[in-house]
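Residues 4 to 151 in the working numbering are what the sequence shown spells out, letter by letter.
Every residue, glycine too, gets a C-beta built ideally from N, C-alpha and C.
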Amino acid sequence: MAIDTEILIDAPPARVWAVLADFAAYGTWNPFMPEIAGPLEPGARLRVRIVPPGSRGMTFRPRLQAVEPERELRWLGHLLLPGLFDGEHRFRLEPLDGGARTRFRHGETFSGLLVPLIFGARAQDSTRAGFEAMNAALKRRAETAAAM
């Protein structure tokens, strides 16, 4: 099961990456993921808090799989044990118009035995809405900062 979203941002990938990589500032702009803590390096364990619309939210400890500045940030998280409910979360940045704009792709692939039981249509809709809210907030922040 996968959720994939995207948004066009009128800012270069370097600026979008600067916002995305500034974990300490997430609480000031990110409605879906108000907290991320941990080093930005492959193999590092993060502390991530997500709050999908209509949810109390949850905190989990994924491990970074890829950190490619201005291109990709990806992590893999598990609920309890690997194979029960796993989520590979990804952010991808694609330069457009000679690098003046960015296509931001935000998605997650869910797998494991419990996915059909705990990730029904309502949870999928809420998660997608959270991704889209974060995308819109990232766009506002990157475009505002780029205009300064």
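Can you give me the C-alpha to C-alpha distance between residue i and residue j, rounded to a whole angstrom?
| i | j | result |
| --- | --- | --- |
| residue 34 | residue 55 | 8 Å |
| residue 115 | residue 125 | 18 Å |
| residue 137 | residue 58 | 15 Å |
| residue 103 | residue 13 | 7 Å |
| residue 170 | residue 146 | A query on residue 170 cannot be resolved here, the shown segment of the chain reaching from 4 to 151 and no further. |
| residue 68 | residue 133 | 22 Å |
| residue 50 | residue 148 | 26 Å |
| residue 7 | residue 18 | 22 Å |
| residue 84 | residue 96 | 30 Å |
| residue 118 | residue 130 | 14 Å |
| residue 120 | residue 81 | 15 Å |
| residue 61 | residue 107 | 24 Å |
| residue 178 | residue 27 | Any question about residue 178 goes unanswered here, given that the chain covers just 4 to 151. |
| residue 63 | residue 143 | 27 Å |
| residue 23 | residue 32 | 11 Å |
Tell me whether the beta-carbon of residue i lies closer than 8 Å to the beta-carbon of residue j.
| i | j | result |
| --- | --- | --- |
| residue 48 | residue 38 | no |
| residue 98 | residue 78 | no |
| residue 128 | residue 113 | no |
| residue 45 | residue 105 | no |
| residue 92 | residue 73 | no |
| residue 10 | residue 139 | yes |
| residue 4 | residue 122 | yes |
Strictly by DSSP, which residues pair up with residue i?
| i | result |
| --- | --- |
| residue 8 | 109 |
| residue 135 | According to DSSP, residue 135 bridges with nothing at all. |
| residue 38 | 52 |
Q) Which parts of the stretch 59-111 are runs of the beta strand (DSSP E), unbroken and 3 residues or longer, counting only runs that do not cross its ends? A) 61-63, 66-71, 75-81 and 89-99
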